[in-house]
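Residue numbers (this note's numbering): 1 to 272.
Shown next, in the form of structure tokens:
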């Protein structure tokens with residue numbers, strides 16, 4: 001396996017509130033130590049959390065930064081191979097060296113839809129803490145990442161050519177395409193003019209696998225009672241809410257849509 005998805009990053013208004021949601025509902029555990037807090041200071045008690053394979057960075061939102069899904073990342077066998085493939089086939093895409101303090105990434109690149117992607121290579125000195133470990137298996141884990149694209153087939157080609165993702169057979173009725181790294185799926189959704197959200201290229205939502213939908217529903221209800229500040233945000237509110245809910249409900253893999261306390265869209269899938 002040349003590449004596997006290992007990282008997702010979200011900008012949050014409140015780390016504790018949002019971390020409680022992911023830790024309670026999906027059993028995620030901390031794998032790194034130290035992140036910037038709302039005052040811009042280093043807080044050793046914050047850190048990336050993980051489902052055993054995927055590290056989730058809950059980054060503090062500051063002025064000029066949008067909240068919500070920001071980027072995701074691959075661990076690859078060779079960053080030089082990635083760079084060579086970009087030079088050969090995608091010379092216009094932007095590439096940058098990652099910030100020194102980031103525990104996962106070596107490079108930051110963009111895909112043809114403008115999505116930011118961190119690229120890491122195991123064994124590189126900059127990669128540290130939990131991202132060096134093999135991780136663990138657990139029943140609840142990240143299942144898919146969804147990206148909107150104006151040209152879905154071209155974007156699918158990019159992930160096949162650069163990261164060797166495998167294209168899965170078939171599409172949905174709405175033209176969704178699906179690729180896989182062997183564990184996590186990448187769903188590519190065509191842009192539409194049904195809403196401003198659907199017109200925009202880039203990250204759309206994430207999806208989690210749960211062992212039983214009914215049990216997850218019960219735990220979501222209990223979290224809402226015991227820690228209302230960490231409860232899911234209702235999607236179908238306001239002028240655009242019902243349209244947004246219809247759009248995420250159309251995902252070819254998801255069964256139950258919801259949003260985290262900051263409004264990050266996600267859906268759940270089980271074995272049912």
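Ideal placement from N, C-alpha and C gives every residue a C-beta, glycine not left out.
| Check | Outcome |
| --- | --- |
| Under 8 Å, with one C-beta from each stretch per pair, do the region 112-123 and the region 194-204 reach the 3-pair mark? | yes |
| Within its chain, find whatever has a CB closer than 7 Å to the CB of residue 105; leave out the 5 residues flanking it on each side and keep chain order. | 73, 98, 118, 119 and 120 |
| Entirely within the region 15-86 and at least 3 residues each: give me those beta strand (DSSP E) ranges in chain order. | 55-60 and 68-76 |
| Following the continuous alpha helix (DSSP H) through residue 200, name the residue where it begins and the one where it ends. | No alpha helix (DSSP H) contains residue 200, which DSSP labels as neither H nor E. |
| Relative to the C-alpha of residue 247, which residue among 163, 176 and 75 is closest? | 176 |
| If residue 55 sits next to residue 108, beta carbons under 8 Å apart, how far is it from one beta carbon to the other, in whole angstroms? | Their Cβ separation, rounded to whole angstroms, is 16 Å, which puts residue 55 and residue 108 out of contact at 8 Å. |
| Straight-line CA distance for residue 270 to residue 49? | 22 Å |
| I need the straight-line Cα distance from residue 29 to residue 256, nearest angstrom please. | 23 Å |
| Would you tell me roughly how many angstroms separate the C-alpha atoms of residue 144 and residue 51, rounded to the nearest one? | 13 Å |
| Could you name the residues of the same chain whose beta carbon sits closer than 6 Å to that of residue 124, not counting the 5 residues immediately before and after it, in chain order? | 106 |
| Would you call the region 125-132 in contact with the region 221-237, where contact means no fewer than 3 C-beta pairs closer than 8 Å? | no |
| Hey, could you find the ends of the alpha helix (DSSP H) residue 115 is sitting in? | That residue, residue 115, is in no alpha helix (DSSP H); it is neither H nor E in DSSP. |
| Run through DSSP, which three-state label would residue 194 get? | coil |
| Report the rounded CA-to-CA distance for residue 1 versus residue 165, giving the unit in angstroms. | 9 Å |
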